[in-house]
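First residue of the sequence shown: 1, per the numbering used here; consecutive thereafter. This report refers to the structure that appears directly beneath it.
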Amino acid sequence: MASAVESDWVNPLRDSRDKRLPRIAGPCSLVIFGVTGDLARRKLMPAVYDLANRGLLPPSFALVGFARRDWDNEDFGQVVHDAVRQHARTPFREEVWERLAEGFRFVQGSFDDDAAFDHLVATLTELDEQRGTDGNHAFYLSIPPKAFPTVCGQLRRSGLSHQADNRWRRVVIEKPFGHDLDSARELNTIVNSVFPEDSVFRIDHYLGKETVQNILALRFANQLFDTLWSSHYIDHVQITMAEDIGLGGRAGYYDGIGAARDVIQNHLLQLLALVAMEEPVSFEPRELQAEKIKVLSATRNILPLSENTARGQYGPGWQGSQQVPGLVDEEGFADSTTETYAAIAVEVNSRRWAGVPFYLRTGKRLGRRVTEIALVYKKAPHLPFDATMTEELGENALVIRVQPDEGITLRFGSKVPGSGMQVRDVNMDFSYGQSFTESSPEAYERLILDVLLGEPSLFPVSAEVELSWKILDPVLEEWAASGKPDTYESGKWGPQSADEMMARTGRAWRRP
Ligand code: BG6
Numbered sequence: 001m002a003s004a005v006e007s008d009w010v011n012p013l014r015d016s017r018d019k020r021l022p023r024i025a026g027p028c029s030l031v032i033f034g035v036t037g038d039l040a041r042r043k044l045m046p047a048v049y050d051l052a053n054r055g056l057l058p059p060s061f062a063l064v065g066f067a068r069r070d071w072d073n074e075d076f077g078q079v080v081h082d083a084v085r086q087h088a089r090t091p092f093r094e095e096v097w098e099r100l101a102e103g104f105r106f107v108q109g110s111f112d113d114d115a116a117f118d119h120l121v122a123t124l125t126e127l128d129e130q131r132g133t134d135g136n137h138a139f140y141l142s143i144p145p146k147a148f149p150t151v152c153g154q155l156r157r158s159g160l161s162h163q164a165d166n167r168w169r170r171v172v173i174e175k176p177f178g179h180d181l182d183s184a185r186e187l188n189t190i191v192n193s194v195f196p197e198d199s200v201f202r203i204d205h206y207l208g209k210e211t212v213q214n215i216l217a218l219r220f221a222n223q224l225f226d227t228l229w230s231s232h233y234i235d236h237v238q239i240t241m242a243e244d245i246g247l248g249g250r251a252g253y254y255d256g257i258g259a260a261r262d263v264i265q266n267h268l269l270q271l272l273a274l275v276a277m278e279e280p281v282s283f284e285p286r287e288l289q290a291e292k293i294k295v296l297s298a299t300r301n302i303l304p305l306s307e308n309t310a311r312g313q314y315g316p317g318w319q320g321s322q323q324v325p326g327l328v329d330e331e332g333f334a335d336s337t338t339e340t341y342a343a344i345a346v347e348v349n350s351r352r353w354a355g356v357p358f359y360l361r362t363g364k365r366l367g368r369r370v371t372e373i374a375l376v377y378k379k380a381p382h383l384p385f386d387a388t389m390t391e392e393l394g395e396n397a398l399v400i401r402v403q404p405d406e407g408i409t410l411r412f413g414s415k416v417p418g419s420g421m422q423v424r425d426v427n428m429d430f431s432y433g434q435s436f437t438e439s440s441p442e443a444y445e446r447l448i449l450d451v452l453l454g455e456p457s458l459f460p461v462s463a464e465v466e467l468s469w470k471i472l473d474p475v476l477e478e479w480a481a482s483g484k485p486d487t488y489e490s491g492k493w494g495p496q497s498a499d500e501m502m503a504r505t506g507r508a509w510r511r512p
């Protein structure tokens, strides 16, 4: 056991590669199951093209689609072409496209069809020989979790999951990783029975966002913030992921899942882990994961759950100038009791965070699309001003603007110019757009490249997934036992119960 740990461990002092330089993937293929789905078209295919356009894929790269659709390689190529034209981030360049398209293959079949997987084996073998993919293959399961066991079983049966010394096999899985702790454990057992944990890449696309990775730079590359990063100064933390879109067309995935499972279990608890974790020994994956796991293990719901959580479902309303229907009037959601808004309050039982509530909220059809992390500071213990002078002074806050308008805001009080003393909130801003000329890659670009490079830092391991469910399960049980969610008007900021949850502690949600 000890020797396995030692052999896996990369000594950061000995790893002499220049980590500032972008790394280019080696010879390999990416096989996408569920290639006819929305995610594949909107995110995965464009990301593959963008990587090729940035010169980060090798000439011997292949993209293989697997689906039931009656397509040939050309049909598949056309679908990728349309997706790239519509959704790619970087400009379309004919020469890049043509080189990439030479490596497109399509395999038709259903997941329980042995012959289709045998055809996939033949296709990959041919690619290895003719295009030089060298036996290195990543299998992206962009499919409902209930199909994971069948596909994993087929990958084992056909020998595709088998790695030899000089070639790798990896599996990429999309959330939801189960719907509670038990099902997540079951899923992890199934996946791990075919692929060892270090070949499993679980996508949480928030970790692929530049602004999210910047949390580590902000916290651990600067002296300025560390001293202010604890319960000594912070009153509470608010993590918000608000969306203005509704759920029309997504009933198949979302109904019965809801906002908490869709977003809090993964994206928001990962953000919490990055904000609350201690400094890792190094940025090696294992060290980062250890710190995140420590935080998630120390995270507890604030009780009672009935007073410290809130959920709601959007009713009709106005989104800007557009009148929009409520959830139950969207296709596939008639009589749905699924929540489209969820808020929970947790605390992290550690010396640094004792007594600091972390409020996590997410919702569809809210006032606007914004994701931010706000560290809200305690009031100064003493204000040597007349009360009227600080009437317009709020709480100091450090706000990490994850999206859109990516950047960081520091809010503090400043004297209003004039002969009197009047203190008012002002903002000091860092914005990516103004400070950098490079535009940020899409999260999926970064994550797909990391899969092909075998860089696991940005992928939650099974322990993180299970700990997150452990936090969420009691909330879901409480909600299941307490009837339907509240409703809120589309275009507003969630149900009244969410405001009341904060008001009970004398706090209020920020209006981003
Ligand atoms: C996904 C959720 O993980 O994130 C969706 O399943 C949500 O419901 C999406 O719309 C939002 O992603 P982003 O990157 O636009 O914030």
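Virtual Cβ for every residue (Gly too), placed ideally from N, Cα, C. Small disclaimer: the values here were computed from a predicted structure and weren't measured.
The beta carbon of R89 is closer than 6 Å to those of D50 and E442 in its chain, skipping five residues each way along the sequence. Checking the 7 Å criterion, the Cβ of T309 is out of range of every heavy atom belonging to ligand 1. Inclusion of L207 and Q270 in the CB contact set at 8 Å is warranted, their separation being smaller than that value. Taken atom to atom, the span from the alpha-carbon of N188 to that of P474 is near 21 Å.
A Cβ-Cβ distance of about 7 Å is found for the pair F358 and I239, placing them in contact under the 8 Å criterion. Taking 7 Å as the cut-off, the C-beta of T211 does not count as close to any heavy atom of ligand 1. When the five nearest sequence neighbours on each side are left out, the beta carbons in the same chain lying within less than 6 Å of the beta carbon of R369 are those of E243 and D244, in order along the chain. With a threshold of 16 other beta carbon atoms within 10 Å, K292 meets it and is buried.
R170 is not a Cβ neighbour of A147, given a cutoff of 8 Å. Under the 8 Å Cβ criterion, the region 50–64 counts as touching the region 91–110, having at least three qualifying pairs. Under DSSP, V107 takes part in a beta bridge, and its partners are F66. By the Cβ neighbour-count rule, V416 is exposed, with fewer than 16 other Cβ atoms within 10 Å of its own. Annotation note: the region 203–247 contains the following uninterrupted beta strand (DSSP E) runs of length 3 or greater, listed N- to C-terminal: 234–242. Between T338 and G256, the C-beta gap is smaller than 8 Å, which places the two residues in contact.
Here the region 309–328 lies against the region 339–355, with 3 or more beta-carbon pairs under 8 Å apart.
The C-alpha of G420 is placed about 14 Å away from the C-alpha of E392. In this structure, the CA atom of R85 is about 10 Å from the CA atom of Q78. Rounded to the nearest angstrom, the gap between the Cα atoms of A115 and I190 is 22 Å. Beta-bridge pairing by DSSP links L360 to I239 and I344. With respect to the 8 Å criterion, L30 and L56 are not classified as neighbours on the basis of their beta carbons.
Taking 8 Å as the cut-off, the Cβ atoms of L247 and E330 count as close.
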